[in-house]
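This report refers to the structure that appears directly beneath it.
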Amino acid sequence: MADSLEFCLHIFSWSPLQEEFGWWGYALPRLQARYSALVSSVVLGVIWAIWHLPLNLMYLTDPQYQVGIAWLSSTVILFVSILFTWIYNNTGGSILATLIFHTMLNLSTYVAFPVFETETGPAFFFSIIVVATIILAIFGAKRMVRDKSRVNTENKIGDNFE
3 MADSLEFCLH IFSWSPLQEE FGWWGYALPR LQARYSALVS SVVLGVIWAI WHLPLNLMYL
63 TDPQYQVGIA WLSSTVILFV SILFTWIYNN TGGSILATLI FHTMLNLSTY VAFPVFETET
123 GPAFFFSIIV VATIILAIFG AKRMVRDKSR VNTENKIGDN FE
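Counting in our numbering, the sequence shown runs without a single skipped number right up to 164 at its last residue.
Listed below in structure tokens is the structure:
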């Protein structure tokens, strides 16, 4: 029980928390002030994929792990960034919403559907690509929201944590 609690506290409080303030609280509002939501997502997705590449390559020592999953994971991060932008924009710039989503994604990736196992990984990654594509088709690439008032691109770091 103590190990589970420690794991959850680590995942929820330290791992995603640091990224949320940087990617979505600081960088995204500034990018969206100049570019569309889609372009901003792709820029952050590329940076985020490079950021996570050492972590993804670390699993190469596991005999069940395949090299392709590391590259697929890095590619899917681009699509995940679209989901984060959509959540951020549709919650009025809430860092808490992206933090909860990031935690849920981490827990599902490593616990519920271990994506770094050959059988489950591609299906999980493919589902993220499909969901991101549906969001773009429904909400559009420019702002990823139906109501323009939902997005606040003028937020400062502390203003986004709700």
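All residues carry an ideal CB built from backbone N, CA and C; glycine is no exception.
- Taken through DSSP and simplified to helix, strand or coil, serine 96 comes out as coil.
- In this structure, the beta-carbon distance from tryptophan 88 to isoleucine 137 falls below 8 Å.
- Take the alpha-carbon of serine 110 and the one of serine 42: they are about 25 Å apart.
- DSSP places tyrosine 90 in the helix class (H, G or I) of the three-state scheme.
- A distance below 7 Å between beta-carbons, with the five flanking residues on each side excluded, links leucine 101 to the following residues of its chain, in chain order: Pro18, Leu19, Glu22.
- Apart from sequence neighbours up to five positions away, the residues of its chain that approach serine 38 with a beta-carbon distance below 6 Å are Ala143, Lys144, ordered along the chain.
- Counting only residues of its own chain and dropping the five nearest sequence neighbours on each side, methionine 146 has a CB closer than 7 Å to the CB of Ala39, Thr87, Trp88, Asn91, Ile137.
- For leucine 55, the enclosing alpha helix (DSSP H) starts and ends at 39 to 60.
- Residue Ser83 holds the alpha-carbon nearest to the alpha-carbon of isoleucine 49 among Asn58, Met60, Ser83.
- Straight across, the Cα-Cα distance linking arginine 32 with threonine 63 is about 38 Å.
- With distances taken between CA atoms, serine 76 lies nearest to Val44 out of Val44, Tyr28, Arg36, Ala35.
- Taking 8 Å as the cut-off, the Cβ atoms of isoleucine 140 and phenylalanine 81 do not count as close.
- Non-local C-beta neighbours of leucine 55 in its own chain, meaning closer than 8 Å and more than five positions away in sequence, comprise Ala72, Ser76, ordered along the chain.
- Between phenylalanine 128 and leucine 85, the alpha-carbon positions lie close to 14 Å from each other.
- With contacts defined as CB atoms closer than 8 Å, leucine 57 and alanine 29 fail to qualify as a contacting pair.
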